[in-house]
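Peer 1: Have a look at this one.
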Amino acid sequence: MDRKDLISKADELRRDVTSLKSRLNEVGVKKENQFSTKEELKKQVSELIGKIKIQKKNKETFNLRIKTLKKERDDYNKKVKELASQIKKLNEEKKDVLKKQKIRIDPLKIKKQIEELELKIETEALNLDREKKVMDRIKQLKKVYSECGVVSALDNNVEKLSAELKGIRDKAKKIHNEIQEIAKENRKVYDDLITFSKEIDRVNKEQEQAFDNFLKFKKEFSEVNNDLRKKLDSIALLKSQFGDNKKEEERNKEFIKKKTLAKLSKAVEEKIKGKKKLTTEDLLAYQQSG
């Protein structure tokens, strides 16, 4: 390959190297971006797994609390049934007593009238005559009420049991409301678990895609890098060929120079033998040949 061809080939290789370096840099950036994306998505998955662990722990705590509260509520409801049964039994017993003793007025109504009249004396400004009539009425009612001793006792028991029943029902209702609130929180936890799981699936797919892209660009980077090395090796080879050609040219020049000087020297010697006049050029040529 002559010098002109070598120069043309070298220019072509330099253009290829410039293009390959640009491509290598471009692919390298894409490769690193995909790797960074993969690592960021991996971090997101780790964070989501952490959230799932926390919510699972919360769910276990809620379930345990609900289980405990349901047992308490069931115990209260059982007690409510027992008290309701006792109250029903006492009311039936009271009904039988009223029937046997032919008591027409319910002692509870008498007791209520007494309480209303006593409240009237305490809160209203009655004149003496009116107050005396009210007091007499209270006395009559108390006498009637005392004559209904058995029924009054039954009423008192019913009243006590009813108050106890109301307290237990209130407690059972309070626990029921608490269970409802916890169940609502538990449903939210369940929804979060579903959401986080779906999010992990989505992010995992993106992570796999990013990793596939990373491998693709890594392979392309390696291929471009290999091509670049080959081009650089070719340039190095051309440089050595340039050097060899230059040395060859120098040897050729030296050979031609020596051959020319030899001819000139011989011509000078012929002139000397023929006793011809020598020119300055002849003398210089003769000196260089020597």
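At position 143 of the sequence shown the residue is numbered 224 (our numbering), and the sequence of numbers has no breaks.
We treat Cβ as the ideally placed atom computed from N, Cα and C, and that holds for glycine.
Would Asp177 be called buried (16 or more neighbouring beta carbons within 10 Å of its own) or exposed?
Peer 2: Stepping through the sequence shown from its first residue, residue 177 is reached at position 96. By the 10 Å Cβ count, Asp177 comes out exposed.
Peer 1: Taking 7 Å as the line, does the beta carbon of Glu240 fall inside it for any heavy atom of the ligand COA?
Peer 2: This structure lacks the ligand COA; in fact it carries no ligand of any kind.
Peer 1: Do you know offhand how far Ile130's Cα is from Ala317's?
Peer 2: Start at 1 with the first residue of the sequence shown, and residue 130 comes out as number 49. Start at 1 with the first residue of the sequence shown, and residue 317 comes out as number 236. Taking the straight line from one Cα to the other gives about 55 Å.
Peer 1: Nearest CA to the CA of Lys255: which residue from Val108, Ile133, Val126, Glu153?
Peer 2: Position 174 of the sequence shown holds residue 255. Measuring from the Cα of Lys255, the nearest candidate turns out to be Glu153.
Peer 1: Between the beta-carbon of Val98 and the beta-carbon of Leu313, is there less than 8 Å?
Peer 2: Position 17 of the sequence shown holds residue 98. Position 232 of the sequence shown holds residue 313. Yes, they are a contact pair.
Peer 1: Using 10 angstroms around the beta-carbon of Ile202, count the other beta-carbons present and answer buried if the total reaches 16, otherwise exposed.
Peer 2: Here residue 202 refers to the residue found at position 121 of the sequence shown. It is exposed - the Cβ of Ile202 has fewer than 16 other Cβ atoms within 10 Å.
Peer 1: For the 8 Å Cβ check, are there 3 or more pairs between the region 283 to 300 and the region 118 to 136?
Peer 2: Segments in contact, yes.
Peer 1: Does the pairing of the region 257 to 273 with the region 207 to 227 give three or more beta-carbon distances under 8 Å?
Peer 2: Because the criterion of three Cβ pairs below 8 Å is not met, the region 257 to 273 and the region 207 to 227 do not touch.
Peer 1: Consult DSSP for Asn208 and reduce its assignment to one of helix, strand or coil.
Peer 2: In the sequence shown, residue 208 corresponds to position 127, counting from 1. Three-state DSSP puts Asn208 in coil, outside helix and strand.
Peer 1: Report yes or no: do the region 148 to 168 and the region 233 to 252 share at least 3 C-beta pairs separated by less than 8 Å?
Peer 2: Counting Cβ pairs under 8 Å, three or more are found: they touch.
Peer 1: Tell me the rounded alpha-carbon separation between Lys320 and Lys300.
Peer 2: Start at 1 with the first residue of the sequence shown, and residue 320 comes out as number 239. Start at 1 with the first residue of the sequence shown, and residue 300 comes out as number 219. If I take the Cα positions, the gap works out to 30 Å.
Peer 1: Taking Leu222 as the reference, give the member of Lys214, Thr118, Leu200, Ile191 with the closest Cα.
Peer 2: If you number the sequence shown from 1, residue 222 lands on position 141. The shortest Cα separation from Leu222 among Lys214, Thr118, Leu200, Ile191 belongs to Ile191.
Peer 1: Sorted by chain position, which residues of the same chain lie with C-beta nearer than 6 Å to Leu171's C-beta, five sequence neighbours on each side aside?
Peer 2: Translated into positions along the sequence shown, residue 171 becomes position 90. Within the same chain, Leu171 has close Cβ partners Leu235, Asn238, Val239.
Peer 1: If you count every other CB in all the chains shown that lies within 10 Å of the CB of Ala253, and 16 or more means buried, which is it?
Peer 2: As a position in the sequence shown, residue 253 is number 172, starting the count at 1. With 16 or more other Cβ atoms within 10 Å, it is buried.
Peer 1: Express the C-alpha separation of Ala264 and Tyr271 in angstroms, rounding to a whole number.
Peer 2: What you label residue 271 is simply residue 190 of the sequence shown in a count that begins at 1. What you label residue 264 is simply residue 183 of the sequence shown in a count that begins at 1. Rounded to the nearest angstrom, the two C-alpha atoms are 10 Å apart.
Peer 1: Could you name each continuous alpha helix (DSSP H) segment of 4 residues or more that falls completely within the region 100 to 155, going from the start of the chain to the end?
Peer 2: Whole alpha helix (DSSP H) segments, 4+ residues: zero.
Peer 1: Where does Leu296 land, buried or exposed, given buried means 16+ other C-beta within 10 angstroms?
Peer 2: Along the sequence shown, read from residue 1 onward, the residue named residue 296 stands at position 215. Label assigned to Leu296: exposed.
Peer 1: How about Asp308 and Leu94: do their beta carbons lie closer than 8 Å?
Peer 2: Against the sequence shown, residue 308 aligns to sequence position 227. Against the sequence shown, residue 94 aligns to sequence position 13. Going by C-beta atoms, Asp308 is not nearer than 8 Å to Leu94.
Peer 1: In chain order, what are the residue ranges of uninterrupted beta strand (DSSP E) at least 3 long that sit wholly in the region 263 to 292?
Peer 2: Runs found: none.
Peer 1: Between the C-alpha atoms of Arg218 and Ala244, what's the straight-line distance to the nearest angstrom?
Peer 2: By 1-based counting over the sequence shown, the position of residue 218 is 137. By 1-based counting over the sequence shown, the position of residue 244 is 163. Rounded to the nearest angstrom, the two C-alpha atoms are 29 Å apart.
Peer 1: So, using beta-carbon positions, are Ala291 and Thr118 closer together than 8 Å?
Peer 2: Your numbering for residue 291 matches position 210 in the sequence shown. Your numbering for residue 118 matches position 37 in the sequence shown. Cβ atoms of Ala291 and Thr118: closer than 8 Å.
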